[in-house]
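Asks: In this note's numbering, the protein residues as written are 5 to 517.
1. To the nearest angstrom, report how far apart residue 509 and residue 326 are at their CA atoms.
2. Would you mind working out which of 133, 62, 291, 303 sits nearest residue 12, comparing C-alpha positions?
3. According to DSSP, is residue 179 part of a helix, a strand, or is it coil?
4. For residue 97, which of helix, strand or coil comes out of DSSP?
5. How far does the alpha helix (DSSP H) with residue 341 in it reach, from first residue to last?
6. Using the beta-carbon count (16 or more within 10 Å), is residue 195 buried or exposed?
7. Expressed to the nearest angstrom, what Euclidean distance is found between the alpha-carbon atoms of residue 399 and residue 146?
8. Tell me whether residue 391 is buried or exposed, calling it buried when 16 or more other Cβ atoms sit within 10 Å of its Cβ.
9. Does the distance from the CB of residue 353 to the CB of residue 361 come in under 8 Å?
10. Beta-carbon separation of residue 157 and residue 98 under 8 Å?
11. Could you check what DSSP says for residue 161 in three-state terms: helix, strand or coil?
12. From the DSSP output, read off the bridge partner residues of residue 23.
13. For a quick check, are the C-beta atoms of residue 295 and residue 65 less than 8 Å apart?
14. Are residue 151 and residue 267 close, meaning C-beta to C-beta below 8 Å?
15. CB-CB under 7 Å to residue 86, same chain, minus the five flanking residues each way: which ones, in chain order?
16. Could you please give the first and the last residue of the uninterrupted beta strand (DSSP E) stretch that includes residue 52?
17. Looking only at C-alpha atoms, which of 511, 385, 110, 60 sits nearest to residue 92?
18. Examine the Cβ distances between the region 126-145 and the region 334-345 and report whether three or more of them are shorter than 8 Å.
19. Quick check: what's the CA-CA separation for residue 493 versus residue 513?
20. Under three-state DSSP, which class holds residue 281?
21. Using DSSP's beta-bridge definition, name the partner residues of residue 518.
22. Using CA atoms only, rank isn't needed, just tell me which of 203, 67, 232, 265 is closest to residue 285.
23. Less than 8 Å between the C-beta atoms of residue 403 and residue 193, yes or no?
24. Residues bridged to residue 148 by DSSP?
25. Below 7 Å CB to CB, which residues in the same chain sit around residue 484 once its five sequence neighbours on both sides are set aside?
26. With H, G and I counted as helix, E and B as strand and the rest as coil, what does DSSP make of residue 442?
27. Relative to the alpha-carbon of residue 441, which residue among 235, 329, 424 has its alpha-carbon at the smallest distance?
28. Out of 67, 297, 50, 95, state which residue places its alpha-carbon closest to the alpha-carbon of residue 81.
29. Please work out which residues of its chain come closer than 6 Å, Cβ to Cβ, to residue 105, disregarding the five sequence neighbours upstream and downstream, and give them in chain order.
30. Report the residue from 373, 33, 395, 173 whose alpha carbon sits nearest the alpha carbon of residue 347.
31. CB residue 17 to CB residue 48, shorter than 8 Å?
32. When DSSP labels each residue in this structure, what does residue 404 get in the three-state scheme?
33. Alpha helix (DSSP H) containing residue 72: first to last residue?
34. With a threshold of 7 Å on Cβ separation, who are the neighbours of residue 467 within its own chain once the five nearest residues in sequence on each side are excluded?
35. For the alpha helix (DSSP H) holding residue 472, just list the boundary residues, first then last.
36. Whose CA, out of 430, 109, 303, 478, lies closest to the CA of residue 40?
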């Protein structure tokens with residue numbers, strides 16, 4: 005029996021605890037300090053005051069400075085956290101790869117990692133990495149770096165003065181004054197007649213950025229039609245480059261592929277990869293939050309391969325219902341809540357441990373009627389998001405193939421892909437390109453959420469609910485009951501109900517006072 009605690013310090017700082025080779029707790033710092041994408045990992049240690057571990061791993065995923073290591077060791081002493089072994093590491097992309105591979109259930113797989121950048125090594129940053137894993141053995145296939153003044157090839161590693169694919173989205177977001185990188189993907193689906201030249205040219209079998217394109221974006225980025233064209237160009241270039249990497253890795257063989265890094269939060273891209281690589285696993289913690297989990301799983305598997313396929317993302321904090329006034333609220337049932345949704349009420353659901361990753365999966369979600377033609381507009385207005393942002397849906401697993409083209413997937417429980425919609429009865433979750441990001445749901449995966457959707461299905465003959473994260477734009481998902489209460493109050497009656505299925509009650513704003 006070995007108790008391991010891993011923590012990292014880049015954006016989306018997180019902590020992962022394993023015991024007896026299994027993940028028993030995983031949490032992001034942003035859920036606790038309410039600062040989105042925060043690097044302030046110290047808040048994650050409060051849970052472990054006066055605890056002892058067999059091994060503590062600190063991944064300095066930002067740079068090679070020992071000052072971060074020293075600060076972390078001081079924090080451990082401050083919290084009286086003891087350990088038998090301390091591991092200090094600076095790997096970034098490698099632990100992305102571990103998080104994806106060791107959660108995939110595959111015994112062997114290639115792993116592709118692409119993000120804004122990984123750790124700084126001397127004067128260069130890793131931006132693309134490829135590995136091959138077989139059980140608990142691995143080898144690096146290649147790395148692409150950027151940042152040095154010179155360009156060169158070193159065996160299979162390459163250094164190019166280029167813009168990373170992750171930073172391309174960050175720059176586009178800033179130029180177009182969007183709130184999130186995902187907005188670029190969302191707007192790219194709208195039709196446009198304007199076209200642009202390729203943003204990247206091939207160099208050393210990788211990619212080099214055409215800098216003049218930035219000038220076009222700055223000068224033309226205010227016009228709505230041009231914004232659509234720019235986003236489409238960025239999305240098309242991402243797909244072109246990544247699909248080439250995937251093709252070169254798979255080589256028309258039935259190979260497994262795991263992917264991680266912030267670029268693979270792009271669900272449209274992930275769905276395109278499925279067309280050429282059916283055996284695909286997408287890391288649900290593809291942003292930097294998964295680094296601590298990857299480190300913990302690497303050490304779990306270091307001496308003996310442990311084949312554990314990730315089956316749930318509900319790994320965070322348990323609900324603190326003691327903050328509710330149990331004398332208030334209205335007793336209810338899944339059937340009554342389904343009727344409220346069918347009457348076009350936006351309902352928030354709060355239950356169980358909080359789900360981790362960037363997709364709400366029915367424990368911290370806003371729910372709405374997918375039959376509503378204006379569902380997208382209502383949800384985006386509530387959350388203060390851009391008008392064009394698409395909405396997602398949760399479908400009962402047994403009905404998924406009837407409503408969506410799942411390609412090679414039997415299920416998609418973590419909402420990692422978009423699929424074509426087969427029917428017209430759910431316009432509220434159908435994007436302009438007739439697609440939807442979906443979560444398939446089995447009863448054993450989330451009992452209360454399944455029952456609610458099933459009751460809605462009995463009422464409407466639609467086995468789907470619109471599902472989006474229980475938060476407002478620029479804020480992390482709610483974590484505690486207090487977070488949920490605050491969000492309800494801050495919404496100025498744009499939604500009026502929070503459903504707590506585990507206690508069988510629904511609360512309105514007045515019930516919190």
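For every residue, glycine included, the Cβ atom is placed at its ideal position computed from N, Cα and C. It should be emphasised that the depicted structure is a prediction, and the values quoted were computed from it without experimental measurement.
Replies: With the given structure in hand:
1. 14 Å
2. 62
3. helix
4. helix
5. 338-346
6. exposed
7. 39 Å
8. exposed
9. no
10. No, the pair does not count as a contact, with Cβ atoms beyond the cut-off.
11. In the three-state scheme derived from DSSP, where H, G and I count as helix and E and B as strand, residue 161 is classed as strand.
12. 7, 26
13. yes
14. no
15. Result list for residue 86: 56, in chain order.
16. Where residue 52 is concerned, there is no enclosing beta strand (DSSP E), given that its DSSP letter is neither H nor E.
17. Nearest C-alpha to residue 92: 60.
18. no
19. 6 Å
20. coil
21. With the chain covering only 5 through 517, there is no way to say anything about residue 518.
22. 265
23. no
24. 132, 162
25. 324
26. strand
27. The residue with the shortest Cα to Cα distance from residue 441 is 424.
28. 50
29. 113, 115, 137, 262
30. 373
31. yes
32. helix
33. Run containing residue 72: 70-82, per the alpha helix (DSSP H) assignment.
34. 399, 400, 403, 457, 461
35. That residue, residue 472, is in no alpha helix (DSSP H); its beta strand (DSSP E) goes 468-473.
36. 478
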